[in-house]
Amino acid sequence: MTILQELNDFQKMWTWLSSHPAHDQNYYIQHVIRLDTPWKNSCPLCHTDSGKCRECDPLWQSDSGGLCDDQDSPLSRWQQTSIHDPDNRTWFANRVSLLAMRAIRSRRQLEQGQTEHA
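Counted the way our numbering counts, the sequence shown spans residues 3 to 120.
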């Protein structure tokens with residue numbers, strides 16, 4: 003699977019989660035896309051066998067950490083928000099989806115630039 007496919011899967015998951023604030027990543031994996039082998043850390047970007055995953059660093063760069071461990075990132079805020087607060091869960095999930103969309107756009111531009119120079 004290419005990074006662009008992984009980013010698309012990541013973006014699709016967070017777009018779905020923004021429309022279904024009562025559910026989480028595991029629900030999406032098990033009941034929506036029905037993967038036989040779940041993603042590591044419930045994330046299509048994660049390829050880490052041990053230690054911290056840094057695969058989402060291009061999506062969120064902060065002195066406080068990456069998307070998964072910066073307490074102010076939209077993903078962390080979504081995880082901290084109760085399912086009884088659907089408006090904020092929707093908003094934070096949408097922010098994560100937008101970060102993925104921007105990364106997809108940047109990746110496509112980079113790939114197009116490389117093919118033009120080849």
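Cβ coordinates follow ideal geometry from the N, Cα and C atoms, glycine included.
If you're wondering where the values come from, they're calculated on a predicted model, not measured in any experiment.
Residue i versus residue j: straight-line alpha-carbon distance, rounded
i: Gly-115; j: Asp-26; result: 36 Å
i: Asn-90; j: Cys-58; result: 22 Å
i: Pro-23; j: Asn-96; result: 10 Å
i: Arg-110; j: Ile-5; result: 11 Å
i: Pro-76; j: Phe-94; result: 5 Å
i: Asp-51; j: Leu-101; result: 24 Å
i: Ser-84; j: Asn-28; result: 16 Å
i: Pro-60; j: Gly-68; result: 9 Å
i: Ala-105; j: Asn-10; result: 10 Å
i: Arg-107; j: Thr-39; result: 28 Å
Residue environment, residue i, which counts as buried when at least 16 other CB atoms sit within 10 Å
i: Arg-36; result: exposed
i: Gln-13; result: buried
i: Ser-21; result: exposed
i: Leu-112; result: exposed
i: Ser-78; result: buried
Beta-carbon contacts of residue i that lie in its chain and below 6 Å, excluding the five residues immediately before and after
i: Arg-64; result: Note on residue identity: the sequence assigns Ser, not Arg, to residue 64. Excluding residues within five positions, the ones whose Cβ falls inside 6 Å are Asp-72.
i: Pro-88; result: Pro-23
Nearest candidate by alpha-carbon position, reference residue i, set the options
i: Lys-54; options: Met-103, Trp-62, Cys-70; result: Cys-70
i: Leu-47; options: Val-98, Ile-106, Arg-104, Glu-8; result: Glu-8
i: Met-103; options: Thr-39, Asp-74, Gln-81, Trp-62; result: Trp-62
Same chain, Cβ closer than 7 Å to residue i, five either side skipped, listed in chain order
i: Ser-99; result: Gln-13, Trp-16, Thr-17, Ser-20
i: Trp-41; result: Ile-31, Cys-48
i: Ser-44; result: Gln-27, Asn-28, Ile-31
Counterpart residues of residue i in DSSP-defined beta bridges
i: Gly-67; result: Ser-64
Own chain residues within Cβ distance below 8 Å of residue i, not counting five before or after
i: Asp-74; result: Ser-64, Ser-66
i: Arg-56; result: Thr-50, Gly-68
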